[in-house]
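At position 1 of the sequence shown (counting the first as 1) the number is 2 in my numbering, and the numbers step up by one without a gap.
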Amino acid sequence: MVAVAYSDLPRYRPGNPISIHFHGRSAVKMFQTFDDVTDPSLAAVRIAELRAQMATIGADGFLVPRADEHQGEYVAPGAERLKWLTGFSGSAGAALVLADQAVIFVDGRYTFQVREQTDGKVFAYDDLTKNPPSAWLKANATAGFRLAIDPWLHTVRETRNLRKALSDVGGELLELDTNPIDNIWPDQPSPPLGQVSIHDQRYAGKLATAKLAEMVKALEQARVTHTVLTDPSSIAWTFNIRGSDVPHTPLALAFAIIGADGVHRLFIDKRKLSMTVEAYLTQLCDLYPPSH
C-alpha cells in the first residue's frame, strides 16, 4: 500500500487531469470534466408520456429507481432512466409518478443538485432515507391504488417493503414484464458491448477453477444446489475476467448460476467475447445469452 499526502498532490481544478507519481513513475491519471448537462424542461412532456403508458396498463403510479438489473453504483447509459425522465443525474434516487403528481426522492448528498437539475413545477422533493417511496405510499396511497414497477430494477427488500405498504392501505403492486419508459425513450442507448478480458492469475490470486471449486464446497456445506450471481464484481472475481460496460469500474454486465453439481452457467452477450476469451470461459461454464 502506498500512502499519498494531500499536500503532495498537484493543485486540482475541474477539467484538469491529475497525474500521481510513485518513485518517479506515473502510476495514476484521473480526469474529471464536469460536463454532465441535463435539461429540466424536457421532464413535463416525458412525464405526460409516461402517464399515458400507465393508463394503458391500469396503473395509478410507476416507480423509477436509479438502478439497473445488477444494482451497481454505476450503470450503463441505457439504464439511466431516472436521469432521462427527470434530468437528475445523481447516483441514488427514485421518482414516483402518479396521475396528478410526481415526487423525486434523494438522499442528503443531492438536496441542492436535484433542485438545480429538475423542474420544481413538475416534481415535489422528498428524502430517500427518511421517507422512502414505501413509507410515502403507506402515508398517501388510497385503497385500490395500483403501483407498477419493473421488478428487475428493485431489490427483494425494496419489493417486499412496497408490497407491504400497499397491502396495508388496500393497494396492489404490479410487476411488469416490460419497462414503460423503454417504450417512450426513442433514442435509448443499446446495452453495452465492452470487450471482456482475462484477468491474469498473478493479479487474481488463484485460478478461476480453484475459486469455483471453493464455491461448490460452500454450496454443499450450506445444503443448497445453486447460487445466483447478479453483481458483476462477483462475476469478475469468480471467473477472473474484466470488462468495460460501465464507467469507472472494469466490469462486464452478466449473470451467473453456480451449481453444486459443478455445472455453471454464465449469461453474457457473446459479442463481448473474443475467440480466446470465449474458449477460456467455455472451459469453466456453459454460455447463454442474457435473455435466456
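We treat Cβ as the ideally placed atom computed from N, Cα and C, and that holds for glycine. These numbers were taken from a predicted model, which means no experiment stands behind them.
Judged by DSSP secondary structure, VAL217 falls within the alpha helix (DSSP H) whose first and last residues are 209-223. Contact annotation: the stretch 160-169 does not touch the stretch 185-202, with fewer than three C-beta pairs closer than 8 Å. The straight-line gap separating the alpha-carbon atoms of LEU163 and LEU99 is approximately 15 Å.
Counting only the Cα atoms, GLY62 lies some 43 Å from VAL217. Taking the Cα positions, SER42 is about 21 Å away from LEU64. Here DSSP, grouped into helix, strand and coil, assigns VAL65 to strand. The secondary-structure analysis by DSSP pairs GLY260 across a beta bridge with HIS227.
The three-state reading of DSSP puts PHE89 in coil, since its state is none of H, G, I, E or B. Contact check between the stretch 42-58 and the stretch 221-235: fewer than three CB pairs, one atom from each, fall below 8 Å, which does not count as touching. Spatial neighbours of ALA219 in its own chain (CB-CB distance under 7 Å, excluding positions within 5 residues in sequence) are not present. In summary, PRO134 is buried, with 16 or more beta-carbon neighbours lying within 10 Å of its beta-carbon over all protein chains present. DSSP, reduced to helix, strand and coil, places ILE199 within a strand of the structure shown. A residue is called buried when at least 16 other Cβ atoms come within 10 angstroms of its Cβ; ASN141 does not meet this threshold and is exposed. The beta-bridge partner set that DSSP reports for PHE106 consists of ALA95, ASP127.
In its chain, beyond the 5 residues on either side, VAL65, PRO66, ARG67, PHE89, GLY94, ALA95, ALA96 have a beta carbon closer than 8 Å to the beta carbon of LEU83. At a Cβ-Cβ threshold of 7 Å, ALA125 and VAL104 count as neighbours. Here TYR204 is exposed: its Cβ has fewer than 16 other Cβ atoms, across all protein chains shown, within 10 Å. Going by DSSP, ARG266 is part of the beta strand (DSSP E) stretching over 266-268.
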